[in-house]
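Everything in the sequence shown is counted per our numbering, starting at 736 for the first residue and increasing by one.
Note that beta-carbon positions come from the ideal geometry of N, C-alpha and C, so glycine has one too.
Note that this is a predicted model, so its numbers are computed, not measured.
Heads up: the structure comes next, in structure tokens.
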Amino acid sequence: MIAEFKEQTESVLAQVRDATANFREIDRIDAVLNLPAPVSASVASLANRARDFRTKLGYEIAFHESKIETETVDALTVVDQVARSIAEENAPAARMTLLNFLKRYPEPPGDNQKPLWRYLTSALSLCNRLKNEAETHLERAQSLGSAGKKSEALREYREIYRIYPNPVTAKEIRQLEGQPR
């Protein structure tokens, strides 16, 4: 059972590696692509298997016997979740997923996982940079809005959304455009 879990983890890791161009570091938000549906399904299946594995063996034994694989499964799940959040235009959700994961697992469990961790770290760095850039525009947008300059404020909110897409900004844009939703 442990050997099969390790083998499946390595197989899914290879699939995600291929789908992300060998875990190429991310420097633009449009470079974050959804995993192909079969790869995403493999990640979900592996995550379910990991849960079953932990339940059957007990968390402590499972973690002790397959620490590297357990952390790898969690990392692969984060890759899939982050890609989905970005595709759903929710960069803050992607950022929080990455923050929480990298806080729990700041270092890769083995050499084979280093490219995966670099990929995740680069995604977090990108999200942090874009969040900071968006905050500058947010201050301007709020100031312009307070001054009654709605069209200029709308332009700033659109720029925020382009830089760091998120549901709060989308709602603000809709309100300023007068389109209820």
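Asked: Do you know how far the Cα of Lys885 is from the Cα of Ala828?; Found: 28 Å
Asked: Considering only C-alpha positions, which residue in the set Ala869, Arg853 and Leu911 is nearest to Asp762?; Found: Arg853
Asked: Mark Gln848 as exposed unless 16 or more other C-beta atoms lie within 10 angstroms of its C-beta, in which case mark it buried.; Found: buried
Asked: Where does Arg839 land, buried or exposed, given buried means 16+ other C-beta within 10 angstroms?; Found: exposed
Asked: Does the distance from the C-beta atom of Thr807 to that of Leu855 stay below 9 Å?; Found: no
Asked: Tell whether a beta-carbon distance below 9 Å holds between Glu891 and His872.; Found: yes
Asked: Beta-carbon within less than 6 Å of Ser775's beta-carbon, same chain only, minus the 5 sequence neighbours each way: which residues are those?; Found: Asp815
Asked: Have a look at Ile898, Thr744 and Phe798 and flag the residue whose alpha-carbon is nearest the alpha-carbon of Leu865.; Found: Ile898
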